[in-house]
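Chemist: Just so we're aligned, residue 5 is where the sequence shown starts under my numbering, counting upward by one. Just so you know, even glycine gets a beta-carbon here, dropped at the ideal spot from N, CA and C. Everything numeric in this text was worked out from a predicted model, so none of it was measured. Take this structure, written in structure tokens, and hold onto it; I'll ask about it next.
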Amino acid sequence: NITYNALDRHLTNGNKNKAAFIWLGEDGSERVFTYGRLAQMVNRFANGLKSLGVNKGDRVIIYMPLSPEGAIAMLACARIGAVHSVVYAGFSVGSLRGRILDGQAKVVITADVGYRRGNEVDLKGICDDSVADLDLVEHVVVWSRKGAPENPGPKDVDFDQLMAESSIDCPAEEMDSEDPLFILYTSGTTGTPKGVVHVHGGYMVGTYYHFKTFWDVKDDDVFWCTSDIGWVVGHSYIVYAPLVAGATTVFREGAIDYPHPGVFYEIIEKYGVNVIFTAPTLLRMLMRYGEEYPQKYNLKSLRFLTCAGEPLNPEALKWTYEHICGSGEWGHIVDNWWQTETGGPCLGTSATMPVKPGRVGRALPGASLDIVDREGQPITEPDKGGFLVITRPFPHFYRTVFGDPERYAKDWNTIPGVYLTGDVALRDADGYYMVVGRADDVLNVAGHRIGSAEVESALVSHPAVAEAAVIGKPDELRGEIIKAFVTLRMGQEPSDEMVAALKLHVRNELGPIAVPAELEFMPTLPKTRSGKIMRRLLKAYELGIDPGDITTLEE
């Protein structure tokens, strides 16, 4: 049982009074949870779930904001052997209801509201609509942040009252290492969410290993992961691996540039943050605000900053290295690649390896990857693109697709004998990989395959550009043309001259075949709540078609 190593072990090894979680709110509020206090709260909530009839193997949906209560709910489920499935707070009624039905959840845990950019996000209303007429859901546990509700629903149970009525003693349920820990739904190639199943033993071993060795998190370090518990990064590196390691973790609800653009740096300085896990999108947002903000704060505690979620373009790496990491005087920045399915990193650049801008790094210990063509033949020629595959599983690799083992088998059988990641990559003579982007993000211009990430990186390397996204637009003559959407840095203005300058820049960087035929300036680009640019939405906007599900869209 992963909670034994995440909690019980620390009650007798000197960590009992050490801060496990430091939670921050947008309004400046702070809550600190020691390992001792956290263990008691997890036990209370675990007993509360038992009193509601939740048993080993039952599924529980968690629809909570980024909060200690959300993490406590996850740990309490694991404590009693129940299988949690966290749904990102803000997903639509349809998305939440679909996950409840697919997982056949017995209990749903939610909050009345979340907070983002000073606004309330109505979670309970979405939850109520999602469970309407669902007899399989027996109870809805509600964390009431605004006080007791006036008209609780017939299935509603008060979170705090459930805690108050429960004992602080709850031994961890004995689990097999292959027993499921959680289901996390991720986008699948078929368009229907894919219920990725991770298990207690292997997931714990792999995520902890990379936390201690790849990111070199030391016993006295303060760690900050800017993700959310609704994503795999938050599962692995807000909740589980840091607790197993006995670390102190900072996390913050809300937008990282609210109420002012210096919040990110303010937190590093105030809490002496040593290691950060973030996303390239956040770094590009900080770039847009300019170097005047990091110059206002003491960032010298920061030893290691790592990125994942999408390719880290060289310009963002260079800017972060200079302005956040002190040009290497105190900090180091690296990239890494992984997926919901892998649970933890597979490719990366460790602190002892030379960094190659634009390259994510080499295969990390335990991970076996390759690049193959459509027939599954390995591509050995340096810098020739192909499909990124995993050639054998590892401890923290997912075990199945919940309720659909045939879909899991298909992941291994599309190209027989290897797991198809869905990404396109290339590898240089030193074994460094460049992940170009999703296979469906590869553009085909006049028969030439061009990665959207390559063109985007070229655009962002121009000093006037903050962010860029490109799509393929149907063209009768060339099959597709490249259309670019660009957000300029503060102080830069859109103009015909700017369009010409950016096209020339891409030509100089990548050659004429990669020059966008069309370029449009936008004040901001559509992103998911986890920070990934929604090219699909841009394409729908451009072609005038239905964008489909936009529940992951930020604002």
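Short of 7 Å in beta carbon distance, which residues of its chain neighbour residue 195, apart from the five on each side in sequence? Order them along the chain.
Modeler: Sequence index remark: in the sequence shown, residue 195 carries index 191 (1-based). Note that residue 195 scores a pLDDT of 49, beneath 50, so its modelled location is shaky; the value from the coordinates is reported in the next line. Result list for residue 195: empty, nothing under 7 Å.
Chemist: Quick check: the segment 210-228 against the segment 274-290, are at least 3 beta-carbon pairs closer than 8 Å?
Modeler: Here the segment 274-290 makes contact with the segment 210-228; the two share three or more CB pairs at distances below 8 Å.
Chemist: Count the other C-beta atoms from every protein chain shown that fall within 10 angstroms of the C-beta of residue 415, then say buried if there are 16 or more, exposed otherwise.
Modeler: As a working note, residue 415 is residue 411 in the sequence shown. Buried: at least 16 other Cβ atoms inside 10 Å.
Chemist: Using the Cβ count rule (16 or more neighbours within 10 Å means buried), how would you classify residue 4?
Modeler: What the structure shows of the chain is the stretch from 5 to 559, and residue 4 is not part of that stretch, so it cannot be assessed.
Chemist: Nearest-angstrom Cα distance between residue 309 and residue 220?
Modeler: Taking the first residue of the sequence shown as 1, we reach residue 309 at position 305. Taking the first residue of the sequence shown as 1, we reach residue 220 at position 216. Between residue 309 and residue 220, the C-alpha separation is close to 11 Å.
Chemist: Around the Cβ of residue 426, are there at least 16 other Cβ atoms within 10 angstroms (buried) or fewer (exposed)?
Modeler: Counting from one through the sequence shown, the residue named residue 426 turns up at place 422. Under this definition residue 426 is a buried residue.
Chemist: Taking 6 Å as the limit between beta carbons, can you name the residues of its chain near residue 235, skipping five residues before and five after?
Modeler: Taking the sequence shown and counting its residues from 1, the one referred to as residue 235 is at position 231. Same-chain partners within the cutoff: 534.
Chemist: Hey, would you say residue 391 sits closer than 9 Å to residue 429, going by beta carbons?
Modeler: Mapped onto the sequence shown, residue 391 falls at position 387. Mapped onto the sequence shown, residue 429 falls at position 425. Cβ atoms of residue 391 and residue 429: closer than 9 Å.
Chemist: For residue 35, does the count of other Cβ atoms within 10 angstroms reach 16, so buried, or fall short, so exposed?
Modeler: Position 31 of the sequence shown holds residue 35. Classification of residue 35: exposed, given that the 10 Å Cβ count is below 16.
Chemist: Only counting the same chain, and skipping five residues up and downstream in sequence, which positions put a Cβ closer than 8 Å to that of residue 491?
Modeler: As a position in the sequence shown, residue 491 is number 487, starting the count at 1. The residues are 292, 469, 470, 471, 472, 525, 526, 527, 528, 529.
Chemist: If you draw a straight line from the C-alpha of residue 16 to the C-alpha of residue 204, how long is it?
Modeler: Here residue 16 refers to the residue found at position 12 of the sequence shown. Here residue 204 refers to the residue found at position 200 of the sequence shown. In a straight line, the C-alpha of residue 16 is about 22 Å away from that of residue 204.
Chemist: When the Cα atoms are used, what is the spatial distance from residue 238 to residue 500?
Modeler: Position 234 of the sequence shown, counted from the start, is the residue given in the question as residue 238. Position 496 of the sequence shown, counted from the start, is the residue given in the question as residue 500. About 42 Å.
Chemist: My output table needs one value for residue 49: the three-state DSSP class, helix, strand or coil.
Modeler: Counted from its first residue, the sequence shown places residue 49 at position 45. Three-state result, residue 49: helix.
Chemist: Is it right to say residue 10 is buried, meaning 16 or more other beta carbons lie within 10 angstroms of its own, or is it exposed?
Modeler: As a working mapping, residue 10 is identified with position 6 in the sequence shown. Result: buried.
Chemist: Could you give the residue range of the beta strand (DSSP E) that holds residue 372?
Modeler: Reading the sequence shown from its first residue, position 368 is the one you call residue 372. Where residue 372 is concerned, the enclosing beta strand (DSSP E) stretches over 372-376.
Chemist: Does the distance from the C-beta atom of residue 117 to that of residue 149 stay below 9 Å?
Modeler: Numbered from 1 along the sequence shown, position 113 holds the residue referred to as residue 117. Numbered from 1 along the sequence shown, position 145 holds the residue referred to as residue 149. Yes, the Cβ-Cβ distance between residue 117 and residue 149 is below 9 Å.
Chemist: Should residue 488 go down as buried or exposed, given a rule of 16 or more other Cβ atoms within 10 Å for buried?
Modeler: Position 484 of the sequence shown, counted from the first residue, corresponds to residue 488. Residue 488 should be labelled buried.
Chemist: What's the gap between the Cα of residue 407 and the Cα of residue 223?
Modeler: Here residue 407 corresponds to residue number 403 of the sequence shown, with the count starting at 1. Here residue 223 corresponds to residue number 219 of the sequence shown, with the count starting at 1. Taking the straight line from one Cα to the other gives about 40 Å.
Chemist: Between the segment 87-98 and the segment 180-189, are three or more C-beta pairs nearer than 8 Å?
Modeler: Taking 8 Å as the limit for Cβ pairs, the verdict is that the segment 180-189 does touch the segment 87-98.
Chemist: Is it right to say residue 409 is buried, meaning 16 or more other beta carbons lie within 10 angstroms of its own, or is it exposed?
Modeler: Here residue 409 corresponds to residue number 405 of the sequence shown, with the count starting at 1. Exposed: under 16 other Cβ atoms inside 10 Å.
Chemist: In the DSSP assignment, what residue or residues form a beta bridge with residue 27?
Modeler: In the sequence shown, the residue the question calls residue 27 occupies position 23. According to DSSP, which records beta bridges pairwise, residue 27 is partnered with 35, 255.
Chemist: Going by CA-CA distance only, name the one from 64, 297, 439 that's closest to residue 366.
Modeler: Counted from its first residue, the sequence shown places residue 366 at position 362. With distances taken between Cα atoms, residue 366 lies closest to 439.
Chemist: May I ask you to report which of helix, strand or coil DSSP gives residue 2?
Modeler: Outside the modelled stretch of the chain, which goes from 5 to 559, sits residue 2, for which no answer is possible.
Chemist: Taking only three categories from DSSP, how would you classify residue 120?
Modeler: For this step, residue 120 is matched to residue 116 along the sequence shown. Three-state result, residue 120: strand.
Chemist: For residue 525, list the residues DSSP reports as bridge partners.
Modeler: Here residue 525 refers to the residue found at position 521 of the sequence shown. In the DSSP assignment, residue 525 forms a beta bridge with 490.
Chemist: Using the C-alpha atoms, what's the distance from residue 518 back to residue 377?
Modeler: Mapped onto the sequence shown, residue 377 falls at position 373. Mapped onto the sequence shown, residue 518 falls at position 514. Computed Cα separation, rounded: 22 Å.
Chemist: At what residues does the beta strand (DSSP E) containing residue 319 begin and finish?
Modeler: On the sequence shown, position 315 is the one that residue 319 refers to. No beta strand (DSSP E) holds residue 319; the alpha helix (DSSP H) holding it covers 318-327.
Chemist: For the candidate residues 288, 547, 539, whose alpha-carbon lies nearest to that of residue 494?
Modeler: For the purposes of this step, residue 494 is taken as the residue at position 490 of the sequence shown. Nearest option by C-alpha distance: 288.
Chemist: Could you tell me the distance, in whole angstroms, from the CA atom of residue 552 to the CA atom of residue 106?
Modeler: Position 548 of the sequence shown holds residue 552. Position 102 of the sequence shown holds residue 106. C-alpha separation (whole angstroms): 20 Å.
Chemist: Distance check for residue 547 and residue 158, CA to CA, integer angstroms please.
Modeler: For the purposes of this step, residue 158 is taken as the residue at position 154 of the sequence shown. For the purposes of this step, residue 547 is taken as the residue at position 543 of the sequence shown. Near 46 Å, if we compare the C-alpha coordinates of residue 547 and residue 158.
Chemist: Are there 16 or more other CB atoms within 10 angstroms of the CB of residue 396, so buried, or fewer, so exposed?
Modeler: On the sequence shown, residue 396 is found 392 positions in, with the first residue counted as 1. Under this definition residue 396 is an exposed residue.
Chemist: Between 170, 320, 344, which has its C-alpha nearest residue 361's C-alpha?
Modeler: As a position in the sequence shown, residue 361 is number 357, starting the count at 1. Per the Cα distances, 320.
Chemist: Compute the distance between the beta-carbons of residue 71 and residue 166, then report whether it is under 9 Å.
Modeler: Indexing the sequence shown from 1 puts residue 71 at position 67. Indexing the sequence shown from 1 puts residue 166 at position 162. No, these two residues do not count as a Cβ contact at 9 Å.
Chemist: State the beta-bridge partners of residue 227 as determined by DSSP.
Modeler: Locating residue 227 in the sequence shown gives position 223, where the first residue counts as 1. Its beta-bridge partners are 253, 279.
Chemist: Where do the N-terminal and C-terminal ends of the alpha helix (DSSP H) with residue 152 fall, by residue?
Modeler: Within the sequence shown, the letter at position 148 stands for residue 152. From DSSP, residue 152 is part of no alpha helix (DSSP H); its letter is neither H nor E.
Chemist: Do you know how far the Cα of residue 405 is from the Cα of residue 193?
Modeler: Working through the sequence shown from its first residue, we reach residue 193 at position 189. Working through the sequence shown from its first residue, we reach residue 405 at position 401. With a pLDDT of only 46 at residue 193, under 50, the local geometry of the prediction cannot be trusted, and the value read off the model is given with reservation. Annotation: residue 193 to residue 405 spans about 13 Å, alpha carbon to alpha carbon.
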